[in-house]
Every structure is written in C-alpha cells, then in structure tokens.
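Report on one structure; see the data block that follows.
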Amino acid sequence: MGYYSTFGAPEQKFVALAPEAGSGLTVTEGHVIEGYASLFGKRDQGNDVVMGGAYGASLARLAAAGRRVKMLWQHDPTQPIGVWDEVREDATGLWVKGRILGDVEKGREAVALLAAGAIDGLSIGYRTVKSERDGKGQRLLTELELWEVSLVTFPMLPEARVTGKGETLEADTWRSLAQIFEDARRNLAGR
C-alpha cells in the first residue's frame, strides 16, 4: 500500500508570491523566500476559508517528531526543491520562510522562474481534519494536517503574497568580494 492509498491524497491551496525583491534577508545557503502561504478568514477560489489556529496542532506534531513541512515543486513529492526553515501561524495566517536549493536542478529552475516573474504562487498540501459548512456554501477549515508548501504556477488565493525574496549565497559572496577588491584598490591608490 502506498502513502496516498493509506492517508489519501492531500488537498492543495494556492497563494501568490509578491513580485518585489527582498527586505534585508540573511542568506546562508540557497535562495530565500518568505511570506504567507495561507491567510485566515479569506475565501479562496475553491470556496474554502481557513480559520485561525487551523495549523497549530499539525505544526506541534511535526515539531515533536523532529520533522519539517516539505518544500516541493508543483506538489510533486518526487521533486523537493528546498527547505522551509520557519513555518508558523500568526494573526494573519500561515507564514513561511525557506531556502530554494541551487544544488537541485528544479531548484535552479524555480529560482530563475521566480526572478523572471514567471512563477508567482505558493500552494499548501494538506489533509482536512475538521471542517464545517456555513450558510453561504463555504467550507470552514478549522483543523488541517499540513504536509507541504509548494511553489506553483497558478495561485488559488491571490491576496496572500511573499513579502521577500532573497539572493543566493553566491551572489552575496561575489558582491562582498567585489567590495573587498574595491577597498584594496582604493587603499593602494592612496599610498
């Protein structure tokens, strides 16, 4: 029996990434992105509304087990492209910060597509634990088991946006080296 036949296929929700560049991010490895993967109280295009606190129990279980939410490319479980270093709930929604890894082929492609603006979405993969219907035909999601957050082409919840995109360690390193050489050149010229 496979994973999906045992647990069922995960549901997925999409979120758009913001086009603006980073905001003072510290990059240690890979390309850093951050933002909201889900917004509480907002109806998505699938007529679902994630309620505040829906991820809390799932995040606690993952932390207790020493596991992380996975970062995938287009929800493909065979194509992890990085790691989510931080995944947490706040009053607004589910905030994520992670690194797309350049050592992974699809990671390099994702960084290029992000930089060009061709990819602008995040999407959550989850299993509904508790939900209810309201009088408006909406499904109110009150508890979710979060499995993954993917970079995707088409967002389902356009109001949620990434607030920062970092640069690769390589770009930061080259910039730092260029500054060191420029400082050395100035020092030698001043003698």
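The opening position of the sequence shown corresponds to residue 11 in the numbering used here, with each subsequent residue numbered one higher.
C-beta: ideal position from N, C-alpha, C; glycine also.
(Q) Once DSSP output is grouped into helix, strand and coil, what is the label at Ala31? (A) Reading the sequence shown from its first residue, position 21 is the one you call residue 31. Confidence at Ala31 is low in this model, with a pLDDT of 34, below 50, so the placement of that residue should be treated as unreliable; the coordinate-derived value is given next. Coil at Ala31, not helix or strand.
Q: Could you tell me the boundaries of the alpha helix (DSSP H) in which Val121 lies?
A: Taking the sequence shown and counting its residues from 1, the one referred to as residue 121 is at position 111. From DSSP, the alpha helix (DSSP H) with Val121 extends over 115 to 126.
Q. Hey, how far is the Cα of Tyr136 from the Cα of Val79?
A. Residue mapping note: residue 136 aligns to position 126 of the sequence shown, counting from 1. Residue mapping note: residue 79 aligns to position 69 of the sequence shown, counting from 1. Computed Cα separation, rounded: 10 Å.
Q) Is the beta carbon of Gly131 less than 8 Å from the beta carbon of Glu99? A) Taking the first residue of the sequence shown as position 1, residue 131 is located at position 121. Taking the first residue of the sequence shown as position 1, residue 99 is located at position 89. Going by C-beta atoms, Gly131 is not nearer than 8 Å to Glu99.
Q: For Lys140, I'd like the list of residues in its chain whose CB is within less than 7 Å of its CB, leaving aside the five on either flank, ordered along the chain.
A: Locating residue 140 in the sequence shown gives position 130, where the first residue counts as 1. Answer for Lys140: Thr152, Glu153, listed in chain order.
Q: Could you check how far apart the C-beta atoms of Val121 and Ile134 are, in whole angstroms? I think they sit under 8 Å.
A: Here the question's residue 121 lines up with position 111 in the sequence shown. Here the question's residue 134 lines up with position 124 in the sequence shown. Their Cβ separation, rounded to whole angstroms, is 21 Å, which puts Val121 and Ile134 out of contact at 8 Å.
Q. Would the beta-carbon of Ser68 fall within 8 Å of that of Glu158?
A. Working through the sequence shown from its first residue, we reach residue 68 at position 58. Working through the sequence shown from its first residue, we reach residue 158 at position 148. No, Cβ-Cβ distance for Ser68 and Glu158 is not below 8 Å.
(Q) Taking the beta carbon of Ala64 as the centre, do at least 16 other beta carbons fall within 10 Å, making it buried, or is it exposed? (A) As a first step, residue 64 must be located in the sequence shown, where it is residue number 54. Buried.
**Q.** Chain-order list of residues whose beta-carbon lies under 8 Å from that of Ile91 (same chain, five-residue window excluded)
**A.** Position 81 of the sequence shown, counting from 1, holds the residue named residue 91. If we look at Ile91 and ignore the five residues flanking it on each side, its Cβ neighbours are Met81, Leu82, Trp83, Ile110, Leu111, Val114, Lys116, Gly117, Ala120, Leu161.
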